[in-house]
Every structure is written in structure tokens, then in C-alpha cells.
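A.B. asks: Residue numbers (the numbering used here): 673 to 1033.
Using N, Cα and C, we set each Cβ at its ideal position, and we do this for glycine too.
If you're wondering where the values come from, they're calculated on a predicted model, not measured in any experiment.
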Amino acid sequence: MLLYSKVSLPLVKEFKTSFGTEKDRNAILFILNDGEIEAYGESVTEEDPLYGYEDNFTALYVIRKYLAEILNKTKDPQNFMEKAERIKGHLMAKAALEMLLWDYVSKKEGKPLHEFIGHSKGEVEVGISIGMSTIDDMVNTVKQAVEQGYKRIKVKIEKGYDIEIVSAIREKFPNINMSVDANQSYSRNDFKIMEKLDDFNLAYIEQPFKMEDLNAHAILRKRIQTPICLDESITSFETFKNAVELGAIDILNIKPGRVGGINNTLELMLNAKENGIGVWIGGMLETGVGRSFNISIASQEYVNMPGDTSPNSKYFKKDVTNEVFIMKDGKIKPFQKAGIGVSLDYAFLKRMEVDGGKLID
Ligand code: OSB
Ligand code: MG
């Protein structure tokens, strides 16, 4: 039986980016139970298509119409993706079920997912992604994050709210590992702003230009010293190869939920390593379910930079999972139980559920 449950969880702190402000995480969770094993998945989509074109409605639509049926025929993640390939795009919807199947097969083998994947370091270096707010509030949030031991501080910026905030933070914290994420808010008219950002010794500038404009990133990369990190632009192995060939990328933010799941993530990681591209695992404000997948994947030896995998408490007062991650010395360890190693707090899930039902008997 395959069920879905859409929950609306209030965020501890609203999250403002160049594309909008999120106050709640509206997550669709998927639960597969075959009488023997219970496996979970989560779609990284939100209510509105602001980060990318997919949203909760399109994900559920594609899963209901095409993908659930494929999952009913195969429980092998690779085979699932092969069969799903005739459906174009919709990688977030595909990832939700592909990742669920990784949880399923690793549980069947009785192994924790991070070990089942195969190259686990057993721990993950953690960075934080800080949303936009007033300068005072952002400087204060950075201070707290540094005290908590985070290994890298990423701050959201947008056109018109950039130099001011970066210089205020750098003044107080000249030596921290710091990066910025623009979520596509600049254009080719803004190279001068990027050249100013180049003076702040940032670890990288993430996705300054439109996702389609790989060339703008390549031009910028020649003009500044700061490494360029791509997030939204990299939707597939093909866009990644194009980015490398064009000289548009130094560092890759892989969100397994954005690239169609774990198989695609592993392929990207291996290729990034071969091409000397840095890799870290990003996040989409996931609940404990999606978070556990991301942390299992981030423990892979190919991941060589701290990513956006904060402990649950950064996002939610209470999460849907009974188990929560604790960060110690800026590190988190993946769970050791089989699969993603989490169980659902069903009573809480039901209370937070805004929609739900059966997809397959
Ligand atoms: O661009 O990395 C991003 C959250 C939602 C959508 C896009 C992004 C983000 C984050 C937060 O930066 C990462 C996290 O803490 O989950
Ligand atoms: Mg990003």
C-alpha cells in the first residue's frame, strides 16, 4: 500500500529568499507498506512554484497519474527511474518515490542507508543557510550559528540587498567560512555588483543568474576570483556536463530531491570528482524524513564541503519523526537503524495533516 500525507509544519523562523518568504513547510510524505517493510519518501516541492517549476500540486498529479503505477511494478530504484524516463522532467516528483525505494531496499537488506549506498564517512560536516531579514537580525543569527559550531555560514542575498549585508557580517566575522546564495536574482547587467562581492573572501557565490543562463556564469567566473556554485541550473547530468565544458561551475550544490533522487546524485558526485568540482548536499527545509536521506547521502566520501543539513531544531519546534539529529562540533552522524532510520510520530502527523490518502492498494 502506498499512502501520501501532506503536512503543514510551522517553521521556527520564517525563511526569506529572493524568491519569497516561507512561514511553513508544506511537505508531502509518502509511506509504502507491504506488510513487512515500511518505507518513507518526501517531495521537496512547496505549495508554490517559486524555487523551480514544480510544486506540491504538480508533484502529486504526476505521481498519481504515472509514477505510483510504476512503483507498483518495481521496487528497484534504478529500474523505477528507467521506467519513469518517458515522463519528461518532474524530477522532484520522481525523486520522492525513487528515494522511498532506496529506503525500502536498504531496509530489506537490513542496512542503514548511508552504508547501503557504499562510501560512507559515518558523519557529515554541517553548514547553515540563513534567510534574509534586517542586518541586525542576520548578524545576530550568524553569531549564534558560529557559536553552535556550524562549519559554513551561507546567507541569502538578492539584488539590492547584498553588499550591505555581506560587509556588515564580514566586519564582525572576518574569518568565518561564508558564502552567499542569490537564487537567480541577478542578470548580466550586474557583473559590477558581483565584482564588489569578490572583495569579501567568500567561499562561493551560489546561483547568481537565471538557471538557464550557464553562459552568464561562465563569463562571471572569468571576471572574479570567488568560486561559482550552481544549484537550480543543474537539473541533470547533461546540464552538469555543459556547465563544466562551458567553464560555468566550480562547486555543485546537489539536492537529491532536485536532481531526481539518489541514483542521479551518485552519478553527479562521481563526475564532479573526476572534473575537480567541489560537492555539497543542499536542502529544501525538509522534515526529518527528507533530512535523513540528505544526511545519509552527505556522508558519502565524494561530498567534500559542508552542506545545508542543519539539525531538525533549526526548522521545527516538533518534527514528524520521533528521531531527531543532534549536531556536535559542527557534525551530524547518520542514523544507524536500517534505511533512513526514522519512525513517524503518527499522532502528530495526523494533527498536522492537511491532505492525505491512498495512491495504491
Ligand atoms: O537555494 O538552497 C536553496 C531552501 C529552499 C529552497 C531553496 C534553497 C533553500 C535553502 C535552505 O537554502 C536549505 C536548508 O536549510 O534546507
Ligand atoms: Mg541554493
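Would Q972 be called buried (16 or more neighbouring beta carbons within 10 Å of its own) or exposed?
C.D. replies: The residue is buried, with at least 16 neighbouring Cβ atoms inside 10 Å.
A.B. asks: Would the beta-carbon of D980 be found less than 7 Å away from any heavy atom of ligand 1?
C.D. replies: Checking every heavy atom of ligand 1 against the Cβ of D980, one is found closer than 7 Å.
A.B. asks: From R736, N847, A767 and M804, pick the residue whose C-alpha is nearest to that of Y833; which is it?
C.D. replies: Minimum Cα distance to Y833 is reached at M804.
A.B. asks: Helix, strand or coil, according to DSSP, for L785 in the structure here?
C.D. replies: Reduced to three states, the DSSP call for L785 is helix.
A.B. asks: Would you tell me roughly how many angstroms separate the C-alpha atoms of T981 and L732, rounded to the nearest one?
C.D. replies: Cα-Cα distance, rounded: 25 Å.
A.B. asks: What's the C-alpha gap between A654 and D748?
C.D. replies: Residue numbering for the chain in the displayed model covers 673 to 1033; residue 654 lies beyond these limits and cannot be assessed.
A.B. asks: Relative to the C-alpha of N994, which candidate in E904, V814, S985 and K1000 has its C-alpha closest?
C.D. replies: Of E904, V814, S985 and K1000, the residue nearest in Cα terms is S985.
A.B. asks: DSSP on G932, reduced to helix/strand/coil?
C.D. replies: Of the three classes helix, strand and coil, the one that applies to G932 here is coil, per DSSP.
A.B. asks: Report buried or exposed for S851, applying the criterion of at least 16 other Cβ atoms within 10 angstroms of its Cβ.
C.D. replies: The residue in question, S851, is buried, as its Cβ has 16 or more Cβ neighbours within 10 Å.
A.B. asks: Could you have a look at N994 and say whether DSSP puts it in helix, strand or coil?
C.D. replies: In the structure shown, N994 sits in coil (DSSP, three-state: anything other than H, G, I, E or B).
A.B. asks: As an exercise, report each continuous alpha helix (DSSP H) stretch of at least 4 residues that is fully enclosed by the stretch 976 to 1025, in chain order.
C.D. replies: With a minimum length of 4 residues, the continuous alpha helix (DSSP H) runs that stay inside the stretch 976 to 1025 are 1018 to 1024.
A.B. asks: For V931, tell me which candidate among A765, V961 and A970 has the shortest Cα-Cα distance.
C.D. replies: Closest by alpha carbon: A765.
A.B. asks: Taking the alpha helix (DSSP H) that E719 belongs to, which residues open and close that run?
C.D. replies: From DSSP, E719 is part of no alpha helix (DSSP H); its letter is neither H nor E.
A.B. asks: Output the boundary residues of the beta strand (DSSP E) element that contains Y676.
C.D. replies: Where Y676 is concerned, the enclosing beta strand (DSSP E) stretches over L674 to T689.
A.B. asks: Using a threshold of 7 Å, is the CB atom of Q820 nearer than that to any non-hydrogen atom of ligand 2?
C.D. replies: No; taking the cut-off as 7 Å, the Cβ of Q820 has no heavy atom of ligand 2 nearer than that.
A.B. asks: With respect to the alpha helix (DSSP H) encompassing A888, which residues constitute its N-terminal and C-terminal limits?
C.D. replies: Where A888 is concerned, the enclosing alpha helix (DSSP H) stretches over L886 to R895.
A.B. asks: At a cut-off of 7 Å, would you count L957 as near ligand 1, judging by its Cβ distance to the nearest heavy atom?
C.D. replies: Under cutoff, so the answer is yes.
A.B. asks: Hey, is D720 close to ligand 1, as in C-beta under 7 Å from one of its heavy atoms?
C.D. replies: No; taking the cut-off as 7 Å, the Cβ of D720 has no heavy atom of ligand 1 nearer than that.
A.B. asks: Identify whether M810 lies in helix, strand or coil by the three-state DSSP scheme.
C.D. replies: Helix.
A.B. asks: Report the start-end ranges of each beta strand (DSSP E) in the stretch 844 to 928 that is 3 residues or longer and not cut off at the edges.
C.D. replies: Fully enclosed beta strand (DSSP E) runs of 3 or longer: 850 to 853, 900 to 902 and 923 to 926.
A.B. asks: Grab the span of the alpha helix (DSSP H) containing T693 for me, first residue to last.
C.D. replies: Here T693 belongs to no alpha helix (DSSP H); instead the beta strand (DSSP E) covers G692 to N705.
A.B. asks: For the pair the stretch 874 to 882 and the stretch 902 to 915, tell me if three or more CB-CB distances fall below 8 Å.
C.D. replies: As far as the Cβ criterion goes, the stretch 874 to 882 touches the stretch 902 to 915, which means the pair count is three or higher.
A.B. asks: If you check the beta carbons only, do K826 and I841 fall under 8 Å apart?
C.D. replies: Their beta carbons are not under 8 Å apart, which means K826 does not touch I841 by this criterion.
A.B. asks: Taking its Cβ as the centre, do 16 or more other Cβ atoms sit within 10 Å of R824, making it buried, or is it exposed?
C.D. replies: Its Cβ being crowded by 16 or more others within 10 Å, R824 is buried.
A.B. asks: Is the separation between the beta-carbon of F702 and that of L773 shorter than 8 Å?
C.D. replies: Not closer than 8 Å, so no.
A.B. asks: Ignore the nearest five residues each way along the sequence and tell me which others in F788's own chain have a CB closer than 7 Å to its CB.
C.D. replies: Excluding sequence neighbours, F788 sits near S778 and E781.
A.B. asks: What separation, rounded to the nearest whole angstrom, lies between the Cα atoms of T693 and V951?
C.D. replies: Answer to the nearest angstrom: the Cα atoms are 27 Å apart.
A.B. asks: Which of the three DSSP states, helix, strand or coil, is assigned to K831?
C.D. replies: Coil, per DSSP.
A.B. asks: For the beta strand (DSSP E) that contains G799, what are its first and last residues?
C.D. replies: Residues G799 to I802.
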